[in-house]
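Trainee: Let me give you the structure first, and then I'll get to my questions.
Protein chains: 2
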Amino acid sequence: MERPLRRDAQRNRDALVAAAREVLAERGLDAPLEAVAKRAGLAIGTLYRHFPERGDLIDAIVGEKVTGWIELAQESLELPDPWEGLVSFLERTCELQSRDRAFTELACLSHLDDRAEVNRLIERLVARARRAGSLREDVGVTDLALFVIANSRVAEVDPGRWRRHFHLMLDALRPRSE
Amino acid sequence: MERPLRRDAQRNRDALVAAAREVLAERGLDAPLEAVAKRAGLAIGTLYRHFPERGDLIDAIVGEKVTGWIELAQESLELPDPWEGLVSFLERTCELQSRDRAFTELACLSHLDDRAEVNRLIERLVARARRAGSLREDVGVTDLALFVIANSRVAEVDPGRWRRHFHLMLDALRPRSE
DNA sequence: GTTAACCTGAGGCATCCCCTCGACTTAAGG
DNA sequence: CCTTAAGTCGAGGGGATGCCTCAGGTTAAC
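Protein chains in written order, with UniProt numbering: chain A, 1 to 178; chain B, 1 to 178.
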């Protein structure tokens, strides 16, 4: 049923996806599709041939990013030390934000269904860290969300300094008396 | 030389400035001027009669906001307790951000000349708090700027919770051992 | 060589915001 | 009142930007 794409068509399709990754990272989820085509060195018509609806291309990229984020959370859960696990997740999330505007948008500004999955994992990261006494007792998932949201602007405005801010915030998460 | 405005003209001019305050607070510094006219219940032509260049109206509002911010810093410096002074400044700044998008933009995203004045005052707030031992030694003006920048996004995305985030951040500013 | 698949990019459409200007309205002074 | 200069109105011209289509030229594949 599914005829394979002609070789050049396949190459172009791949180029479009790669270009979309770059452009969305730079300009966010509603970057103009013409910028994507241009980056891929193709005409806008070609883009529409492969992805007739705006959603098609964007969805592909968003899917990738969400999957990547979920994997990140899972890997962090597998780290033996609970505190390190939590820090690893937060730090790498913040780093993604500093380099990928589209990721930032879906991480803190949108309300995807897929976020539910990540939220569950974050809850486990938090519960584990708290049980180990590494996290302030009154800090919950919501607070970490605020944390990530806060970083999104810092990373945007001053990409060279988000890490400094990040470490200050981490200090706020530790229990008061050691 | 300066004929006074006709009474209705003066009333309209005032209405425009008031409308601009509201609209800029809601939509940021580059809100469409037509929204301002509409809010004032006037036609766009009237707005242009009073403020022939875009800058004229915006500048008036920006001026107000900067002045207000400087006054806030001065008041905070006059509080007897250094830590309270710093907190007061930060908290009221964050609160302004939560209600005024134009303020947010000029407070963390732009590079006005007038910011110099505020920066000097902030430096004094910081120096004073540190001398009193209320502030972590390694925290400087830059860190507070990041703090304010961070809040701007939190206040935008989740206006009901910026205060919670604010208090967590304050904890990060205190010296480690009490 | 044939042909179906593919590529191209100018251009029509829509949205948004800028600002102007000629016709109309009204405050203010006599 | 009446005059008139000051003020108001809002349709509309102009420029950006982005979406998407389609007629005509190109090329992979057999």
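C-beta atoms are modelled at their ideal positions from N, C-alpha and C, and glycine is treated no differently.
Please report the Cβ distance between residue 193(A) and A31(A), rounded to the nearest whole angstrom; I am assuming they are in contact, meaning their Cβ atoms lie under 8 Å.
Mentor: Outside the displayed range of chain A (1 to 178) lies residue 193(A), so it cannot be described from this structure.
Trainee: By how many angstroms is the C-alpha of H50(A) removed from the C-alpha of R6(A)?
Mentor: 12 Å
Trainee: Using a C-beta to C-beta distance shorter than 9 Å, which residues of chain A count as neighbours of V118(B)?
Mentor: Contacts between V118(B) and chain A, judged by CB atoms closer than 9 Å, are missing: the closest CB pair is about 17 Å apart.
Trainee: Return yes when the Cβ of D8(A) is within less than 8 Å of the Cβ of L146(B), no when it is not.
Mentor: In this structure, D8(A) does not lie closer than 8 Å to L146(B) by Cβ.
Trainee: List in chain order: all unbroken beta strand (DSSP E) runs of 3+ residues lying wholly within the UniProt domain "HTH tetR-type" (10-69) of chain A.
Mentor: none
Trainee: Going along the chain, which residues of the region 132-166 of chain B sit with their C-beta nearer than 9 Å to a C-beta in chain A?
Mentor: R136, V139, T142, D143, A145, L146, F147, I149, A150, N151, S152, R153, V154, E156, V157, D158, R161, W162, R164 and H165
Trainee: Distance check for R27(A) and S76(A), CA to CA, integer angstroms please.
Mentor: In this structure, the alpha-carbon of S76(A) lies about 28 Å from that of R27(A).
Trainee: In whole angstroms, give me the CA-to-CA distance for Q10(B) and L57(B).
Mentor: 15 Å
Trainee: By the criterion of Cβ-Cβ separation under 7 Å, what are the contact partners of A172(B) in chain A?
Mentor: Neighbours of A172(B) on chain A, chain order: L168, M169, D171 and A172.
Trainee: For D114(A), which residues from the same chain have a beta carbon less than 7 Å from its beta carbon, with the 5 sequence-adjacent residues on both sides left out?
Mentor: If you ignore the 5 residues before and after D114(A), its C-beta comes within less than 7 Å of the C-beta of V66, all in its own chain and listed in chain order.
Trainee: Grouping DSSP H, G and I as helix and E and B as strand, with all else coil, what is E178(A)?
Mentor: With a pLDDT of only 47 at E178(A), under 50, the local geometry of the prediction cannot be trusted, and no value is derived from it.
Trainee: Could you confirm whether any beta carbon from chain A is found closer than 8 Å to the beta carbon of L96(B)?
Mentor: no
Trainee: Counting only Cβ-Cβ distances shorter than 8 Å, please list the residues of the region 65-88 of chain A near chain B, keeping chain order.
Mentor: Listed by position, the residues of the region 65-88 of chain A near chain B (Cβ gap below 8 Å) amount to none.
Trainee: Cβ atoms of V36(B) and A60(B): under 8 Å apart, would you say?
Mentor: Judged by their CB atoms, A60(B) and V36(B) are not nearer to each other than the 8 Å cut-off.
Trainee: How would you write the range of the alpha helix (DSSP H) that R131(A) sits in, first residue to last?
Mentor: Where R131(A) is concerned, the enclosing alpha helix (DSSP H) stretches over R115 to R131.
Trainee: Determine, using beta carbons only, whether L33(B) comes closer than 8 Å to chain A.
Mentor: Interface with chain A (8 Å Cβ-Cβ cutoff): L33(B) is excluded.
Trainee: With a threshold of 6 Å on Cβ separation, who are the neighbours of E178(B) within its own chain once the five nearest residues in sequence on each side are excluded?
Mentor: With a pLDDT of only 48 at E178(B), under the threshold of 50, the placement of this residue in the model should not be trusted, and no figure is reported.
Trainee: Do you know how far the Cα of W83(B) is from the Cα of E71(B)?
Mentor: Cα-Cα distance, rounded: 18 Å.
Trainee: Residues of chain A with a CB under 8 Å from the CB of L125(B): which are they?
Mentor: Under the 8 Å cutoff, chain A gives no residues; its nearest Cβ is about 17 Å from L125(B).
Trainee: For the pair the region 137-156 of chain A and the region 113-127 of chain A, tell me if three or more CB-CB distances fall below 8 Å.
Mentor: Yes: the two stretches touch, three or more of their Cβ pairs being nearer than 8 Å.
Trainee: Taking 8 Å as the threshold (C-beta atoms), are A155(A) and W162(A) in contact?
Mentor: yes
Trainee: How about L16(B) and L47(B): are their beta carbons less than 8 Å apart?
Mentor: Cβ atoms of L16(B) and L47(B): closer than 8 Å.
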